[in-house]
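In my numbering, the protein residues as written are 1110 to 1421. Everything on this sheet refers to the single structure shown next.
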Ligand SMILES: [Fe+2]
């Protein structure tokens, strides 16, 4: 039997209840949600995978309109902003970059980004010479990605009200890890939190995430994987121990696997907020995960609550 649109939509709303860690809000429901008193509302966008396709432009227009209507004061973008930049021609890379600029033109809420594993452009192997002289490889490597995304450094802090957001680089060390230097920086940031100040860490690759291992076993037999390689931070033990030492490190915002989950572990709420692109702009991923973003309320007392929103 061919499913009708009504069947499809009703299955989506069921999935919203069962699959997305709470109800899936429409744009108008998100806009009607009262803002946290004295706290902050942030839009957590991840895995946008922007590209020059009608579905991506239409989807992003709806998402950014929903973010504006929601009363969010900033966007935390946890990476994979571009469809794919690893080993791609300059023409493909330029097309993704132009699509990103076009999608965000006129959007006036601050966007703070992390690097994802698809965001740093490298030319196809053996094709480097063809690109020299065109842009002088000015956009290649992390420096180019930082310029395109308006980032001051691969990792940096953003302070808004009584919250300090540590925007981290999941590719700071060996795949995927922060590396010693970045861990030391996180420790110094957490050590200097002021009175009543709380911290949230944002990065691309999850640190604690049942979605990560479900993604792995849904795509390959379990014995093929050398867990947690590829879909969790390799240094999850060190990061978890570090956060545990600082009770005011309250939340972690991540993406990468395009699945939605929420884990409370040792006093930290880990929020993996799916993907704005869902199944890379081809609808619902693995039956459960439609395009969506997280609307996250950071309260004065340090508690954090998220609801997923799907305006597409
Ligand atoms: Fe992604």
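Think of the CB as a built atom: it goes at the ideal place given N, C-alpha and C, for glycine as much as any other residue.
Could you tell me whether the Cβ atoms of residue i and residue j are closer together than 9 Å?
i, j, result
"residue 1311", "residue 1355", "no"
"residue 1345", "residue 1299", "no"
"residue 1134", "residue 1186", "no"
"residue 1358", "residue 1307", "yes"
"residue 1314", "residue 1363", "yes"
"residue 1230", "residue 1268", "no"
"residue 1208", "residue 1170", "no"
"residue 1341", "residue 1368", "no"
"residue 1146", "residue 1416", "no"
"residue 1191", "residue 1202", "yes"
"residue 1194", "residue 1254", "yes"
Per DSSP, what kind of secondary structure is residue i in: helix, strand or coil?
i, result
"residue 1406", "strand"
"residue 1197", "coil"
"residue 1348", "helix"
"residue 1206", "helix"
"residue 1256", "helix"
"residue 1329", "coil"
"residue 1242", "Since pLDDT at residue 1242 reaches only 45, below the 50 mark, its modelled position is unreliable, and the value read off the structure follows with that caveat. Correct three-state label for residue 1242: coil."
"residue 1401", "coil"
"residue 1321", "helix"
"residue 1212", "helix"
"residue 1378", "strand"
"residue 1421", "coil"
"residue 1114", "Residue confidence is low: residue 1114 scores 32 on pLDDT, short of 50, so the model does not pin down where it sits. No coordinate-derived value is stated."
"residue 1122", "Any reading at residue 1122 must be qualified, since the residue scores a pLDDT of 38, below 50, and its modelled position is unreliable; no value is offered."
Output the boundary residues of the alpha helix (DSSP H) element that contains residue i.
i, result
"residue 1290", "1289–1300"
"residue 1414", "Segment 1413–1418 is the beta strand (DSSP E) holding residue 1414; no alpha helix (DSSP H) there."
"residue 1141", "1136–1141"
"residue 1166", "1163–1179"
Check the C-beta distance from residue i over to residue j and give it rounded, since I have them as a contact under 8 Å.
i, j, result
"residue 1421", "residue 1168", "5 Å"
"residue 1158", "residue 1189", "6 Å"
"residue 1325", "residue 1334", "5 Å"
"residue 1370", "residue 1320", "4 Å"
"residue 1385", "residue 1400", "6 Å"
"residue 1264", "residue 1291", "6 Å"
"residue 1175", "residue 1418", "6 Å"
"residue 1360", "residue 1309", "4 Å"
"residue 1379", "residue 1317", "4 Å"
"residue 1305", "residue 1271", "5 Å"
"residue 1204", "residue 1161", "5 Å"
"residue 1216", "residue 1257", "So it is not a contact: roughly 15 Å between Cβ atoms."
"residue 1199", "residue 1163", "Incorrect: roughly 23 Å between the Cβ atoms, too far for contact."
"residue 1285", "residue 1210", "Contact flag wrong, Cβ pair sits at about 27 Å."
Over the uninterrupted beta strand (DSSP E) stretch that includes residue i, give me the two end residues.
i, result
"residue 1373", "1369–1374"
"residue 1152", "1149–1154"
"residue 1191", "Looking at the DSSP string, residue 1191 is not in any beta strand (DSSP E), and its letter there is neither H nor E."
"residue 1273", "1272–1276"
"residue 1312", "Residue 1312 -> no beta strand (DSSP E), and no H or E assigned at all."
"residue 1386", "Element bounds for residue 1386: n/a, residue is neither H nor E."
"residue 1363", "1358–1363"
"residue 1267", "1265–1269"
"residue 1220", "1220–1222"
Counting only beta-carbon separations shorter than 9 Å, does residue i have a partner in chain C?
i, result
"residue 1270", "The structure shown has no chain C; it contains just one protein chain."
Below 8 Å, how does it come out for the stretch 1142–1162 and the stretch 1175–1183: are there three or more Cβ pairs, yes or no? Yes, since at least three Cβ pairs between the stretch 1142–1162 and the stretch 1175–1183 fall closer than 8 Å, the two stretches touch.
How do the stretch 1262–1282 and the stretch 1217–1231 stand: do at least 3 beta-carbon pairs fall below 8 Å, yes or no? Three or more beta-carbon pairs separated by less than 8 Å link the stretch 1262–1282 to the stretch 1217–1231, which places the two stretches in contact.
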